[in-house]
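Asks: My questions will all concern the structure given below.
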Amino acid sequence: MQLKTLEISGFKSFADKTTIQFNHGITGIVGPNGSGKSNITEAIRWALGEQSAKNLRGGKMPDIIFAGSNARKPLNRAEVSLTFDNQDHQLKSDYDEVNVSRVLYRDGTSTFYLNQKSCRLRDIVNLFMDSGLGRESFSIISQGKIAAIFNSKPAQRRGIIEEAAGVVKYKQRKKEADNQLTETAANLNRVSDIISELAQQVEPLKKQSSLAKDYLRQKKQLDQVSKTLLVRQIEAQAAKRDQQQQTLAQTQENVQLAQHNQNEFQTQVNAQKKQQQKVAQQLDRLQQQQLQITKHQGELSSQTELVGERRRVAQENLANLKTGLTQQNDKLQKQHQSLVDEKKALAQAAKQLHQQELQIKQAKAHQKLDKATLEKAIEKLRQRYIDQLQQQTSLHNEAVYLKRQQQQDQVQDQKQQAQQQALMQRVQALKQQQEKAAAQVTQLTKKQQQLQQQRQQLQSQSQTEQAHYQQQQQQWYQALAIMQKAQAKQASLAEMQEDYSGFYAGVRGILKHKKQITGIIGAVAELIDVPQKYNQAIESALGNQLQSVVVKDEAAGKNGINYLRHHRLGRATFLPAAVMQPQPLNQFQKQQLTGITGYVGLAADLVTFSSAYANVIRYLLGRIVVATDLDAAIKIATALRHRVRIVTLKGDLLNPGGAMTGGGHNQRGGLLARKQEQQTLTAQIAQMKQQLTAKEQALQTKKAQLEAAAKQNVTLEQKLKALAPQLLEQQGIVKDVQRQQAQLAQQQKAIAFTDQQQNETKISNQEKLTTNQQQTQQVTTAIQQLKTELAEKQTRLSNWQADQTASAAKQQQLKTALAVAQERQRQRQQAYREHVEQQSALQAEITRDQRQAKQLQQQLDTQKQNHRANQDELKASAQKLAQLSQQIKTLKLQRAQIDSTLQQQEQQLAHAQATYQKQATNAQQLKTSLNYLNQQLKQALTQLESDYQLSFEAAKADTLTTDFSQLKQQEKLLKLGLADLGEVNLGAIAEYQRVSQRYDFLLEQRKDLLTAREQLTATMTEMDQEVGQRFKATFEATAKAFAEIFPLMFGGGQANLSLTDPTDLLTTGIEITAQPPGKKLQQLSLLSGGEQALTAITLLFAIINVRPVPLCILDEVEAALDEANVAHFGRFLKRYDQQTQFIVITHRKGTMMAMDVLFGVAMQESGVSKMVSVALEDAQREASA
C-alpha cells in the first residue's frame, strides 16, 4: 500500500486546488520558512480523521479553512482527498484503489467520503486502524511529536507500541464493549425496576385470572348439567304421565283378578320348589360322577388317539406317495397318447370344416332371392298393422280421457259442494276474527300510550342524573388536577432534597458522596422531625447548625474533612456522635422555668430523633428554651440571668449575655420548612388519593345508574318497537278480514257459474264416448286380420334364417374345434414335460417317506400294547358313562320341566302380586298425579325456554349421558364451588394475559441482558489477554531493534526500552534510557536536543524494522541534527525505502540528497501556497555546494 495522490482545496494556505502525485520511495517537500510545507502534513493528518484543532495549529476547526489574503476573500469550505494504492489489500477494503476525502464548511459541518460515498468518522478510523497509519501511530512525525515523546509520561508513550502491535482495534473494541456494558447495566436496572413493579401485579392477577377461569369453567359445566337435568326431568315426567294414563284405565279392572291369581299361583309355586330341590340334589350327585369318568376317559382317549393318529398319518403318507407316483406315470402315458389322437382329430376336423364352408356358400346363393321377397311383403304388412294400432291407440286414449273427465266431473261436483259449505263456515269465522282483532287493537293502543308516558318520565329523570354526573365528573377532574400539582411540587421538593439544594457546597458534597465516606450519618436537618408549630422556632435556634454533618466518630469527621480538601468542595462542620456531650440545664434553672408564663419547653424535648445520635441533638438543643412570644422570652431571660439561649415561636432569639435577634423571616426558605412542607404534601397527597378514589367510586355508581336508566330506556324503546308491529299486525288483520270477506262473496258467485258450465260439458262428453266405442270395434277386427298375415310371412322368414344360422353355426363350430384341438395339443405337451419333472421329485419324496415310515413303524409297535390296554379301559368307562348319561338326561328333562313350570308360575305370581299392590294402592292417586305431572311438565318447558332459549328438541340434542344421580351430585358441587369463589373479576383473564406476557418478555429481556453482560465481560477479558500478548511481543521486538540500531545511529553507545510495571501489560508505561558515546546511561529528558531527536528517530526506525509501516511522513524531524547526523539519517531512510514510502518535509541539504523525488512549496502570491517543481539534479548540486 502507498499514497498515490493528495488533493488539497481551501485547506489553510492552499486556497486553490492542488494535486500532488507521489511515487514509491522517498519524496521530499522543500521550501522556505512560512511557505506552507507543514500544511501538507496537517492536511494528510486531518483527512485521516484528526479531531483536535490544536494538533492542527488552530483554535477551532473552522480555522483550517483558507481565511483570505490581501487579494483574496475567505473561502467557505476546505477539502482534502487522499488516494491509496491498495493492491496488496493492506487496507480492509475490496477495492484496489481507496479514496478518502474530508470536507469542512465554515459553519462547522464536516463530512467524510470513502470512495466518493458519504461515511462516518468511525468508518475512516476503522479503515486505517492497525494499518500503521492510525492516529496514535508513529507514521506522521513532526518536531512537535519528537518533543511530545521527550516530555510525555511513560504511560503516554505506550501508544506508540500499541499502534505498532496492532492492538488499537482491540482497545477500541474493548472501549465499545465497556460502553455497551455500561449501557447494559443501565438497561438491566431499568428492566429490573419494571419487573419488580410488574411482579407485584402478576401474582394477584394470576390468582384472579385463575379464579375467573375456574368460575367460567364451573358456570359452563353447571349450565350443561342443569340443562341436562331439566331435559331428563321433562322426559321422565312425560313418560310417567303416559304410563299413568294407561295404568289408570286397567287398574280398577285387574285388582280383583290379581288377588285371586296371587293365591292360586302361590300354592303351585311352593309345590314346584320342593320337587325342584329334590331333583337338583340327585342331578348334582350324578353329574359329579359323570365329570370324574369323563375326565379320566378323556385322558385315555387323548393318549390312544395321539398314537393312532401318528401311525395312520405315516401309513397314509406312504400310500399316498406310492399311489401318486403310479397315477402320475399313467397320466403322462395317457396324455402322450391323447396328444397323438388329438392331432389326427384336428386334421380330420379341418377337412370337414372346408366341406361345410362349400355347402354354406351354395345354400346362401339359393336362399338369397327368397329372403328379399319375404322381407318386402312383411314390411308392407307391418306398416298397415302399425297404422291400425295407432288408430286403435288414439281411440283408446280418447275413451280413457272421456271416462276420466266424467270421473273428474263427479269429483269436482263433490268439491264444489264442500267448498260452498266451507265458504259459509269461513264467512262466520272471519266475522269472529274481525271482532277479536278490533278488541286487540284497542288494548294495544292503550298499552302503547302507557309505555310512551313511562319513556318520557325516564328521559326527564335521566337528563337530571346526567347533569349531576357531569358535575361530579368535573369535580373529580379538578381534584385530580390539584393532586397532580401537589405531586409535581412534591417531586420538585424530593429532587431538591436528593440534590441537597439549599445546603452549603461543602455539606452538599459530603451528603451526596456519603456512601464513599465511612461513618457519615447525615445533616442535622435530616435527622430531626419537628412539629409544624415549632418549625420556625427550631429553624431560628439552630440557624447554620442545621447544616452541620453528624458523623459516627472523630475519625469519620476527619475523613470528611480530608475528602472536602482533596476534592476542593468547600468546608463543613462535623459533629461526632461518639464524643458530643450535651450540657443540660441544672435543676435550679428547670425549676425557675416551670413557673413562668409563656414557657413552652426545651427545644430538645419538642423534636423527635433517633437515640443513636441523641447526644448530638441534645448538645445542640438541650440548652435552648422555647417561649411563646418575645415578652415571655424576656421574662425567662431575666429569671435565668441571661445565661441561656431563648427562642420564640416566631423565631425571635435572645442570646446569652442579652443580645437580641428578630424581625421578618422567610418561612418557605428554611431546610426544616422544606422538609415539613414535603411531609405535609405527602399526607395531603395520600388524603387526595383517598378522596379521588371515593369520587371515582361515586362516579362509577352514578355511571351505573345512568347505564341502568339507559338500559331501561332501551327496554322501553324495544317494547314500543315490539308493540308497534303487533298493533300494525292487528290493524292489518282487521283490513285483511274485510278483504277476505269480499273475496268469499266473489268465490260464491264463481262456484255457481262453474256448476252451469260443467253440466253442459257432461252431455257433450257422453256423446263422444258412444261414437268412440263403435270406431274401436272396427279397428280391432282389421288389426286381427293383419296380425294373422304378418305371422305367416314372419314364420317363413324365420325358417330361412334358422337354416342360415345353423349352417353358419356349424362352420363356426368346426373352426372353433380346430383351434381348441391345437391349443389342447400344446397344453398337453407342456403338461407332459412337467409330469416328467414331477416324477423325479416324487421318487425322491417316496424314498424319504419310506425312511420315515420305518421309524414310525418302530414307534407304533412300542405303543401297540399301551393302546390295547387303553381300549379296554375306555370300553368299561364308556359303558358306565352311558348309564350315567342316561340317568342325567332323564333328570335334566325332569328338572327342565319343573324349572319351566316354576318360572312361569313365579312370574305369574310376581305379576299378580305387583299388579294387586300397585293397582290397589295407586288407583286413587293416579288422577291427582296426572294433573300434577302436567303442571310440572309445563313449568319445566317454560323454564327451559326462559333459561336457555331452547326448545325441548334442541336441548335434548345437546345433553350429557351421565347417570342422573351423578348429575345431581355434580350440580350440587358446582353450585357450592361457585358460591365459594365469591366475587370474581372476569376482566382479570385478559389483564393477566397482558401483564404476564409483558412480564415474561421483560424476564427474557433481563436474561438476555445478563447473558450479554457475561459475554461482554468475557470478551473484554479475552481482548485484554490478546492486547497483553501482542503488546509484550511487539515491545520486546522493538526494544531489541532499538538497542541494535542505536549504536549504528550514534556510532556507539547503548540504549534500551523498559516497562514501568512489567506485571501489568495493559497499563504499564515505557521508559527510554540512552547512553550516547562517551556519556553515562541517563533518561531521555536529560539528553541534548539533537540527541533527543536522534534517539526518537532511532525509535522510529526500530518500529519500522519490527513492523514496517506503508507510509511515514517526517516533518523536519532532523532539524536539530548536525550535518553528520543528517547524512546518517538520510542513509537510514534509503535502507528502509523499499518497504516504506517516506514523505519528508525538510530544508536540510543532507536529507535532500537522499530524496528520490522533490516538490517545492512557495508563496508566489501573498498568503497562498503553490506547488512548484524542483529539478533533482539542481537540488543535489545545491546541496553539494
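Just so we're aligned, residue 1 is where the sequence shown starts under UniProt numbering, counting upward by one.
All C-beta atoms in this analysis are idealised placements derived from N, C-alpha and C, irrespective of residue type, glycine included.
#1: What is the DSSP secondary structure of residue 1107, reduced to helix, strand or coil?
#2: DSSP on residue 1156, reduced to helix/strand/coil?
#3: Does the distance between the C-beta of residue 683 and the nearest non-hydrogen atom of the ligand GDP fall short of 7 Å?
#4: Tell me which same chain residues have a C-beta within less than 7 Å of the C-beta of residue 262, skipping the five on either side of it?
#5: For residue 571, which three-state DSSP category applies?
#6: How far does the beta strand (DSSP E) with residue 601 in it reach, from first residue to last?
#7: When you compare each of 907, 434 and 1032 to residue 268 by their alpha carbons, which one comes out closest?
#8: Tell me whether the beta-carbon of residue 1140 lies closer than 8 Å to the beta-carbon of residue 1109.
#9: Measure how close the beta-carbons of residue 593 and residue 625 come, nearest whole angstrom, since I'm counting them as under 8 Å.
#10: Roughly how many angstroms lie between the CA atoms of residue 1187 and residue 424, to the nearest whole one?
#11: Using DSSP's beta-bridge definition, name the partner residues of residue 624.
#12: Return the first residue and the last residue of the beta strand (DSSP E) that residue 28 is part of.
#13: By Cβ distance below 7 Å, which residues in the same chain neighbour residue 232 in space, the five residues on each side in sequence not counted?
#14: At what residues does the alpha helix (DSSP H) containing residue 72 begin and finish?
#15: Relative to the alpha-carbon of residue 212, which residue among 986, 1028 and 1094 has its alpha-carbon at the smallest distance?
#16: To the nearest angstrom, how far is it from the Cα of residue 284 to the Cα of residue 934?
#17: Please check the pair residue 44 and residue 140, which I expect to be a contact at CB under 8 Å, by giving their CB distance rounded to whole angstroms.
#18: Within the same chain, show all residues whose beta-carbon is closer than 7 Å to that of residue 642, passing over the 5 residues directly before and after it, in chain order.
#19: Look at residue 575 and residue 551 and say whether their C-beta atoms are less than 8 Å apart.
#20: Cα separation between residue 667 and residue 539?
#21: Between the segment 1041–1049 and the segment 1108–1122, do at least 3 Cβ pairs fall closer than 8 Å?
#22: So what's residue 80 in DSSP terms, helix, strand or just coil?
#23: Look at the alpha carbon of residue 1184 and the alpha carbon of residue 32, and state the distance between them as a whole number of angstroms.
#24: If you measure between the beta carbons of residue 205 and residue 988, is that distance less than 8 Å?
#25: Going by Cα to Cα distance, which pick from 46, 38, 77 and 60 is closest to residue 16?
#26: Terminal residues of the continuous alpha helix (DSSP H) containing residue 1135?
#27: Please classify residue 544 as buried or exposed, where buried requires at least 16 other C-beta atoms within 10 Å of its C-beta.
#28: Rounding to the nearest angstrom, what Cα-Cα distance links residue 633 and residue 661 in this structure?
#29: Whose C-beta lies closer than 6 Å to the C-beta of residue 635 among residues of the same chain, with five residues either side of it excluded?
#30: Per the contact definition of three or more C-beta pairs closer than 8 Å, is the segment 505–515 in contact with the segment 584–592?
#31: Near residue 96, which residues of its chain fall below 6 Å by C-beta distance, leaving aside the five closest residues on each side in sequence?
#32: For the alpha helix (DSSP H) that contains residue 156, what are its first and last residues?
#33: Taking three-plus beta-carbon pairs below 8 Å as touching, is the segment 1089–1101 in contact with the segment 175–185?
#34: Identify, in the order they occur along the chain, each residue of the same chain with its Cβ nearer than 6 Å to the Cβ of residue 1065, setting aside the five sequence neighbours on each side.
#35: Starting from residue 510, trace the alpha helix (DSSP H) in both directions and tell me its first and last residue.
#36: Which partner residues of residue 576 appear in the DSSP bridge assignment?
Replies: A quick look at the data gives this:
#1: Assigned with DSSP and collapsed to three states, residue 1107 falls in coil, not helix or strand.
#2: Note: residue 1156 maps to coil in three-state DSSP.
#3: Here there are no bound small molecules, and the ligand GDP is not part of this structure.
#4: The answer, listed in chain order, is 909, 912, 913 and 916.
#5: Note: residue 571 maps to coil in three-state DSSP.
#6: Segment 599–602, the beta strand (DSSP E) holding residue 601.
#7: By alpha-carbon distance to residue 268, the top candidate from 907, 434 and 1032 is 907.
#8: A Cβ-Cβ contact shorter than 8 Å links residue 1140 with residue 1109.
#9: The pair is a contact, with the Cβ atoms about 7 Å apart (cut-off 8 Å).
#10: The displayed coordinates of the chain run from 1 to 1185. Any statement about residue 1187 would go beyond what the structure contains.
#11: Partner(s): 645.
#12: Where residue 28 is concerned, the enclosing beta strand (DSSP E) stretches over 26–30.
#13: These residues qualify, in order along the chain: 964.
#14: Residue 72 -> no alpha helix (DSSP H), and no H or E assigned at all.
#15: Closest option to residue 212, judged by alpha-carbon separation, among 986, 1028 and 1094: 986.
#16: For residue 284 and residue 934, the distance between alpha carbons rounds to 56 Å.
#17: Rounded to whole angstroms, the Cβ separation of residue 44 and residue 140 is 7 Å, and the two are in contact under 8 Å.
#18: 656, 657 and 658, listed in sequence order.
#19: A contact, by the Cβ cut-off of 8 Å.
#20: For residue 667, the predicted structure reports a pLDDT of 49, less than 50, and the residue's modelled location is therefore unreliable. A value from the coordinates is still provided. If you take the alpha carbons of residue 667 and residue 539, they lie about 9 Å apart.
#21: Verdict: no, contact absent.
#22: In the structure shown, residue 80 sits in a strand (DSSP, three-state: E or B).
#23: For residue 1184, the pLDDT reaches just 49, beneath the cut-off of 50, and the residue's location in the model is therefore unreliable, leaving the point undetermined.
#24: At the C-beta level, residue 205 and residue 988 come within 8 Å of one another.
#25: Comparing Cα positions, the closest option is 77.
#26: 1123–1136 is the span of the alpha helix (DSSP H), which, as asked, contains residue 1135.
#27: Note on residue 544: under 16 other CB atoms within 10 angstroms of its CB, so exposed under the neighbour-count rule.
#28: When the Cα atoms are used, residue 633 and residue 661 turn out to be separated by approximately 12 Å.
#29: Cβ neighbours of residue 635 beyond the five flanking positions: 596.
#30: The segment 584–592 vs the segment 505–515: no contact.
#31: Once the five neighbours on either side are set aside, the close Cβ partners of residue 96 are 86 and 87.
#32: Unbroken alpha helix (DSSP H) run through residue 156: 154–165.
#33: Touching, no.
#34: So the qualifying residues of the chain are 1028, 1031 and 1032.
#35: Where residue 510 is concerned, the enclosing alpha helix (DSSP H) stretches over 505–512.
#36: Per DSSP, 551.
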